[in-house]
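J.: Take this structure first; my questions come after.
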Amino acid sequence: MAYCASTQSLFNLKLSHSHRSKPSQALISYTNLSTLKHPSSSTNITRFKASFSVFPKLPVLSGRRRKFNVGVQKGYASGEENESLVPDATSEEKFSWSSVILPFLFPALGGLLFGYDIGATSSATLSLQSPELSGTTWFNLSAIQLGLVVSGSLYGALLGSILVYSIADFLGRRRELIIAAVLYALGGLTTANAPGLGVLLAGRLLYGLGIGLAMHGAPLYIAETCPSQIRGTLVSLKELFIVLGILLGYFVGSFQIDVVGGWRYMFGVSAPVALLMGLGMWSLPPSPRWLLLRAVQGKGSLQDYKEKAVLALSRLRGRPPSDKLSERQIEDTFVSLKTTYADQESEGSILEVFQGPSLKAFIIGGGLVLFQQITGQPSVLYYAGPILQTAGFSAASDATRVSVVIGVFKLLMTWIAVLKVDDLGRRPLLIGGVSGIAISLVLLSAYYKFLGGFPLVAVAALLLYVGCYQISFGPISWLMVSEIFPLRTRGRGISLAVLTNFGSNAIVTFAFSPLKEWLGAENLFLLFGAIALLSLLFVILVVPETKGLSLEEIESKVLK
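All residue numbers for the sequence shown refer to our numbering, where the first residue is 1 and numbers rise by one.
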């Protein structure tokens, strides 16, 4: 087979085995898939596909078809197994768990710091308002001032989600997470050392900006850098880190609640964790897919971006620099991206996320994070203490201990989701979990309406709600958001989904008290139950299954 310097021909040979066919029989067919003009030269890259039916004299390989990539392109070895970043659904990329730990761990610390703020704030506000323990002269906060302290990070997260919409693809996932770590550290230190309420609120806003950037960048970086067959596990593990952060906040709060000025320590503990996150992200390479996106968008030298992408992928997989397998994966991914966006502008408009496949992705991802909030999770957890107290649990007299018990249960159920998401798939966990949420909300409504004499019903409904939420909406919503958007609009799409999540969270939080007074607890839970049934219908009719698909396959198959 001759090699021409001006034309690089890539062949995919599929060898299939049949015990009933004769060795002499062979079917050879060539299909010209695409001819792409290299942006920086006159070189044409021509891709062919050759299918050979070869028979019993070759050994059967575990009863499965084995794929070989035979390349006459320079540096491609004949007979190497095809492990593209855009594999078929039946192929799996080889990797070692040791090589994926750090690229997951440091972004996931952004989720842990988000959870820590939720857990620590509940105890910090108690300490801050105590005349004996606050250590300040401005402890007598009004309801509005206290509300600003509690929700200050939420406002910051909303603002961060808006800001990142237009700059996400410019910054890249790695730099976005480094900036988030800096904001986390500045926010934690400012809040911990605040001499007055104004500085404290500024610190809370800074911390919230970090949340907005981290909750956008972390799922992006993890989804784009990990092997597709464990993407669900790792993105769901990020949700586990959020729950771990909540637990850490509860524990720190329980240890510092009786210390004068304990609220300062509660807020300040986040700073060293943020420093670790920032240093860790500094040591990691950029996302190879983001580098290729910049190359396709014409943001710099094509060759430089491709070389950086090869080096980044090699580091992420624990391979030597300029590894041939990494080169082939990057080349295949680049060709796929170039083919996808060949007839489009180099960079989409700011409204492209509301068009075509991107709009479909936003309906799926945005719908999930919206239903995640408006099915009443904050309201259900608000009633956790009173429910457990009526059931006679001694731990319920201590709000901190009750929170720890619920947090541990949330952690266990999230772990179940992590173990099963790449086995069972996204849809089964969502359908089963949301069904359980609807049942639990109806039970809670019945408890407050006519089953008040059976407190164990309320306890069972509470635990059913928490458990079902943690195997469905909790981890799966963020997983779907991280993988459903096309690469071209992924940064903006996820920022809109994060904005939808925090915005709906704010609405539910502020609407809870007037709704409770207007409807009563029994009717409020019934309303949430009806919304849960609507969300179940949404999952069944709209949400697709993405288990085992690469990000490129989701874009080409699910969103078309």
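We treat Cβ as the ideally placed atom computed from N, Cα and C, and that holds for glycine.
(1) Apart from the five residues just before and just after phenylalanine 139, which ones in its own chain have a Cβ nearer than 7 Å to its Cβ?
(2) Pairs of beta-carbons, one from the region 528-536 and one from the region 433-452, closer than 8 Å: are there three or more?
(3) Can you look up cysteine 226 in the DSSP assignment and give me helix, strand or coil?
(4) Flag this pair as yes or no: are the beta carbons of glycine 261 and glycine 135 separated by less than 9 Å?
(5) Quick test of your reading: glycine 217 and glycine 115, contact by CB under 8 Å. State the CB separation rounded to the nearest angstrom.
(6) Going straight from the alpha carbon of serine 301 to that of proline 486, what length do you get?
(7) Keeping to the same chain, check which residues put their C-beta closer than 7 Å to that of leucine 519; ignore five residues upstream and five downstream.
(8) Spatial neighbours of leucine 316 within its chain, please: C-beta separation below 6 Å, excluding the five flanking residues on both sides.
(9) Compare the Cα-Cα distances from alanine 192 to each of Leu370, Ala120, Ser482, Leu276 and report the closest residue.
(10) Excluding sequence positions up to five away, which residues of its chain have a Cβ less than 6 Å from the Cβ of proline 544?
(11) Specify, as a first and last residue, the run of the alpha helix (DSSP H) that arginine 294 falls within.
(12) Over the uninterrupted alpha helix (DSSP H) stretch that includes leucine 272, give me the two end residues.
(13) Taking buried to mean at least 16 other C-beta atoms within 10 Å of its own C-beta, is phenylalanine 170 buried or exposed?
(14) Rounded to a whole number of angstroms, what is the C-alpha to C-alpha distance between leucine 479 and glycine 366?
(15) Express the C-alpha separation of proline 219 and proline 107 in angstroms, rounding to a whole number.
(16) Got a sec? Which residues, its chain only, sit under 7 Å from threonine 125 by beta carbon, not counting five neighbours each side?
(17) What do you get for threonine 375, buried or exposed, if any count of 16 or more other CB atoms within 10 angstroms of its CB means buried?
(18) Helix, strand or coil for valine 558 per DSSP?
(19) Whole angstroms is fine: what's the gap from leucine 284's alpha carbon to proline 227's?
(20) Of all the alpha helix (DSSP H) runs that stay within the bounds of the region 170-216, which reach a length of 4 or more residues?
(21) Less than 8 Å between the CB atoms is what I'm expecting for glycine 203 and glycine 187, so what's the real figure, rounded?
(22) Please determine, among Gln372, Ser445, Pro286, the residue with the shortest C-alpha to C-alpha distance to tyrosine 221.
(23) Taking DSSP as the reference, what is the three-state secondary structure of asparagine 140?
(24) Is the region 461-473 touching the region 318-329, taking contact as three or more C-beta pairs under 8 Å?
T.: On the basis of the data shown:
(1) Contacts found: Leu128, Gln129, Ser130, Pro131.
(2) Counting C-beta pairs with one atom in each stretch, the region 528-536 and the region 433-452 have three or more that are closer than 8 Å, which means they touch.
(3) Coil at cysteine 226, not helix or strand.
(4) Yes. Within cutoff.
(5) Taking the Cβ atoms as the reference, glycine 217 lies roughly 16 Å from glycine 115, outside the contact range of under 8 Å.
(6) A straight line joining the alpha-carbon of serine 301 with that of proline 486 spans about 23 Å.
(7) Beyond the five residues adjoining it in sequence on each side, leucine 519 comes within less than 7 Å, by CB distance, of Leu527 in the same chain, given in chain order.
(8) The beta carbon of leucine 316 sits closer than 6 Å to those of Pro103, Thr225, all from its chain and outside the five residues before and after it, given in chain order.
(9) Closest in alpha carbon position to alanine 192, among Leu370, Ala120, Ser482, Leu276, is Ala120.
(10) Cβ-Cβ distances below 6 Å link proline 544 to Val558 in the same chain, with the five nearest sequence neighbours on each side left out; the list follows chain order.
(11) Unbroken alpha helix (DSSP H) run through arginine 294: 288-296.
(12) Contrary to the premise, residue 272 reads as proline rather than leucine in this sequence. Bounds of the alpha helix (DSSP H) holding proline 272 are 270-283.
(13) Classified as exposed, phenylalanine 170 has fewer than 16 neighbouring CB atoms from the shown chains inside 10 Å of its CB.
(14) Answer to the nearest angstrom: the Cα atoms are 12 Å apart.
(15) Between the alpha carbons of proline 107 and proline 219 lies a gap of roughly 8 Å.
(16) For threonine 125, where only same-chain residues beyond five positions count, the Cβ hits under 7 Å are Leu146, Val149, Val150.
(17) Residue environment for threonine 375: buried (at least 16 other C-beta atoms within 10 angstroms of its C-beta).
(18) Helix, per DSSP.
(19) About 16 Å.
(20) Every unbroken stretch of the alpha helix (DSSP H) spanning 4 or more residues and falling wholly within the region 170-216 is given here in chain order: 173-192.
(21) Between glycine 203 and glycine 187, the beta carbon gap of about 5 Å places them in contact (Cβ cut-off 8 Å).
(22) It is Pro286.
(23) In the structure shown, the three-state DSSP call for asparagine 140 is coil.
(24) Fewer than three pairs of CB atoms, one per stretch, sit closer than 8 Å, so the region 461-473 makes no contact with the region 318-329.
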